[in-house]
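Peer 1: Below are the structure tokens for one structure; questions will follow.
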Ligand code: F6P
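Residue numbers (our numbering): 16 to 351.
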């Protein structure tokens with residue numbers, strides 16, 4: 016197979032397919048360089064003294080890992096000076112991060128979850144970085160939170176990396192999903208799968224079953240039916256996987272299909288879900304839809320949600336289209 020680097024792929028998108036403007040190409044290149052740096056850091060593990068808690072909490076009140084903080088810094092520093100951004104927002108920071116005055120500004124907004132699944136770092140299981148790009152609304156010179164509150168359909172690009180046995184980068188520019196693998200010797204990303212397609216049917220589900228008693232009836236119904244297997248109403252046996260690292264679970268779904276669910280539960284009424292709309296649900300929903308899958312809260316398409324806050328949480332049900340539609344149907348039936 017001809018070796019196509021990320022740079023070459025993006026240049027082709029820019030000149031031949033007119034699918035990516037020059038400053039968006041630069042943005043993606045810079046993000047991919049940050050991802051390479053995070054991958055190197057993650058790979059050092061205990062040798063670099065980077066495991067364990069940072070001793071701080073993030074805006075969500077969750078304990079930050081040292082690597083959460085390091086990955087956040089890497090992304091902020093790399094993306095400040097290139098002239099392609101108007102501002103950034105991170106899951107690890109309370110409000111938007113303005114581009115310092117000394118640097119040129121651009122027209123894009125970058126959002127990221129610097130280290131998703133970070134509870135897995137210390138146990139040496141896959142973690143990742145999720146990102147998404149929006150256009151800064153016209154006439155906005157100093158983007159505040161309001162500039163970021165655009166529905167997922169407005170995303171111009173979304174991607175994520177998985178720091179696993181190999182480091183992979185999944186990318187969509189709104190015309191299909193492509194996967195790149197980091198060549199550690201040569202130090203760059205190489206295209207390894209083009210136009211990823213998720214099978215419409217699946218017999219594999221991912222959910223944190225320990226929350227079952229807190230779920231709403233349609234979700235309990237669906238999971239009970241899957242657990243009933245061949246002799247139950249769905250007439251087939253299902254397999255379960257839960258890595259507790261969304262990037263790894265979604266990568267598996269892109270690879271062989273499946274359904275991923277972090278549904279609404281009644282554990283904490285102030286939180287309608289566990290996952291963040293802007294940093295996790297929206298980028299993943301764009302990628303899943305671009306790969307032929309579906310992404311819903313159970314009640315509405317994730318990409319249609321009009322955000323009300325930067326750190327808003329939502330229920331997430333995504334993956335193989337027919338199974339997601341089944342779950343949406345169960346929610347509809349329960350509300351009739
Ligand atoms: O915060 C995100 C996250 O770590 C996801 O990557 C993952 O899917 C989920 O939380 C794991 O949740 P739990 O700890 O409930 O299994």
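In this text, a Cβ means the ideal position worked out from N, Cα and C, and glycines have one as well. Computed from a predicted structure; not experimentally measured.
Going along the chain, which residues of its own chain have a beta-carbon closer than 8 Å to the beta-carbon of residue 193, five neighbours each way excluded?
Peer 2: 24, 185, 186, 187, 206, 208, 209, 210 and 211.
Peer 1: DSSP three-state label for residue 150, please.
Peer 2: Shown here, residue 150 sits in a strand according to DSSP, grouped into three states.
Peer 1: Please check the pair residue 47 and residue 21, which I expect to be a contact at CB under 8 Å, by giving their CB distance rounded to whole angstroms.
Peer 2: 6 Å between Cβ atoms; contact.
Peer 1: For the ligand F6P, I want to know if residue 132 counts as a neighbour, meaning its beta carbon is within less than 8 Å of at least one of the ligand's heavy atoms.
Peer 2: yes
Peer 1: Do residue 146 and residue 125 have their beta-carbon atoms positioned less than 9 Å apart in this structure?
Peer 2: yes
Peer 1: Looking at residue 297 and the ligand F6P, is the gap between the Cβ and the nearest heavy atom below 8 Å?
Peer 2: no
Peer 1: Pair every Cβ in the stretch 264-280 with every Cβ in the stretch 328-342, then say whether three or more of these pairs are closer than 8 Å.
Peer 2: yes
Peer 1: Can you round the beta-carbon distance between residue 309 and residue 336 to whole angstroms, since I take them to be within the 8 Å contact cut?
Peer 2: 5 Å
Peer 1: Take residue 200 and list the residues in its own chain whose beta-carbon comes closer than 8 Å to its own, dropping the five residues that flank it on each side.
Peer 2: none
Peer 1: Just mark residue 176 as buried or exposed, buried being the case when its beta carbon has 16 or more other beta carbons within 10 Å.
Peer 2: buried
Peer 1: Nearest-angstrom Cα distance between residue 321 and residue 62?
Peer 2: 44 Å
Peer 1: Can you round the beta-carbon distance between residue 139 and residue 60 to whole angstroms, since I take them to be within the 8 Å contact cut?
Peer 2: 7 Å
Peer 1: Just the C-alpha distance for residue 260 and residue 37, rounded to the nearest angstrom, thanks.
Peer 2: 33 Å
Peer 1: Between residue 169 and residue 149, which are expected to be in contact by the criterion C-beta below 8 Å, what is the C-beta distance as a whole number of angstroms?
Peer 2: 6 Å
Peer 1: Flag this pair as touching only if the stretch 281-295 and the stretch 91-98 have three or more C-beta atom pairs under 8 Å; answer yes or no.
Peer 2: no
Peer 1: For the stretch 22-94, list the beta strand (DSSP E) runs that are entirely contained and at least 3 residues long, ordered along the chain.
Peer 2: 68-72 and 78-80
Peer 1: Would you mind working out which of 271, 100 and 106 sits nearest residue 119, comparing C-alpha positions?
Peer 2: 100
Peer 1: Among 324, 167, 78 and 306, which has the Cα closest to the Cα of residue 215?
Peer 2: 306
Peer 1: Taking the C-alpha atoms as reference points, what is the distance between residue 313 and residue 342?
Peer 2: 6 Å
Peer 1: For residue 128, tell me which candidate among 244, 153 and 87 has the shortest Cα-Cα distance.
Peer 2: 87
Peer 1: Taking only the alpha-carbon atoms, compute the straight-line gap between residue 311 and residue 108 and give it to the nearest angstrom.
Peer 2: Cα to Cα, the separation comes out at about 26 Å.
Peer 1: Give the secondary structure of residue 218 by DSSP, where H, G and I count as helix, E and B as strand, and everything else as coil.
Peer 2: coil
Peer 1: Answer with buried or exposed for residue 219, where buried requires no fewer than 16 other C-beta atoms within 10 angstroms of its C-beta.
Peer 2: buried
Peer 1: Ends of the beta strand (DSSP E) at residue 277?
Peer 2: 274-277
Peer 1: What span of residues does the beta strand (DSSP E) with residue 311 cover, start to end?
Peer 2: Per DSSP, the unbroken beta strand (DSSP E) holding residue 311 starts and ends at 309-311.
Peer 1: For residue 49, does the count of other Cβ atoms within 10 angstroms reach 16, so buried, or fall short, so exposed?
Peer 2: buried
Peer 1: Locate the alpha helix (DSSP H) running through residue 345, then write down its first and last residues.
Peer 2: 336-350
Peer 1: Check this for me: beta carbons of residue 179 and residue 52, under 9 Å apart or not?
Peer 2: No, the Cβ-Cβ distance between residue 179 and residue 52 is not below 9 Å.
Peer 1: Hey, would you say residue 134 sits closer than 9 Å to residue 80, going by beta carbons?
Peer 2: It is a contact, given that the beta carbons lie within the stated cut-off.
Peer 1: Would residue 217 pass as a contact of residue 268 if the rule is Cβ separation under 9 Å?
Peer 2: yes
Peer 1: Measure how close the beta-carbons of residue 42 and residue 123 come, nearest whole angstrom, since I'm counting them as under 8 Å.
Peer 2: 6 Å
Peer 1: Out of 84, 162 and 117, point me to the one whose CA is closest to residue 111's CA.
Peer 2: 162
Peer 1: Just to confirm, does residue 105 get its C-beta within under 8 Å of one of the non-hydrogen atoms of the ligand F6P?
Peer 2: no
Peer 1: If you draw a straight line from the C-alpha of residue 251 to the C-alpha of residue 89, how long is it?
Peer 2: 46 Å
Peer 1: Run through the stretch 293-333 for me and flag every whole alpha helix (DSSP H) of 4 or more residues, listed as ranges in chain order.
Peer 2: 297-305
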